[in-house]
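Have a look at the structure below, then the notes.
Residue numbers (the numbering used here): 5 to 180.
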């Protein structure tokens, strides 16, 4: 039973991200978003730890103390700020995200909030999640501030204005 529920959740999430990516002009990213979720490493864990109200990776983390599915996912998907972590001279380095992956991350966060919160979703939900669960020290400072800026705009000014501004941001930063 969880197989079909998880499959449906992934499909609904990808569809929601696709619509948002299309709004900001990220057609290819919208079409290919989160395809790794269908891989054996991620899908099996998704079915096993499916709950319907949050990511199965959260449950896997509770059970095992880590999420192998998340480690697989973040290493293959550039729209996660964790992908942009590296080491240099024995220190962690947090690279600023290119605009197109940053914008996809915003789309991903909004879509995930809508899918998991359902009728409890408000435009403040992605910001609340971000503030409650993002360690400021584990993300590039500029990426952190940009993400907070756009999620705050979503909360204060709504989806239409936010995604219009995000589209402009992608265009202005295309070469970065």
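Virtual Cβ for every residue (Gly too), placed ideally from N, Cα, C.
Every value quoted in this text rests on a predicted model; they were computed, and no experiment measured them.
{"Asked": "Contact set for residue 24: own chain, Cβ-Cβ below 7 Å, skip 5 residues either direction", "Found": "111, 114, 115 and 167"}
{"Asked": "Separation of residue 131 from residue 165, as counted between CA atoms", "Found": "16 Å"}
{"Asked": "Buried/exposed call for residue 104, threshold 16 Cβ in 10 Å", "Found": "buried"}
{"Asked": "When 176, 170 and 127 are compared against residue 159, the one with the closest alpha-carbon", "Found": "127"}
{"Asked": "Residue 30 burial status per 10 Å Cβ neighbour count (16 or more: buried)", "Found": "buried"}
{"Asked": "Touching by the beta-carbon criterion (3+ pairs, under 8 Å), the stretch 8-19 and the stretch 47-55", "Found": "yes"}
{"Asked": "8 Å CB neighbourhood of residue 99 in its chain, flanking five on each side removed", "Found": "88, 89, 90 and 144"}
{"Asked": "Opposing strand residues paired with residue 91 [DSSP bridges]", "Found": "96"}
{"Asked": "Three-way DSSP call (helix, strand, coil) for residue 128 in this model", "Found": "coil"}
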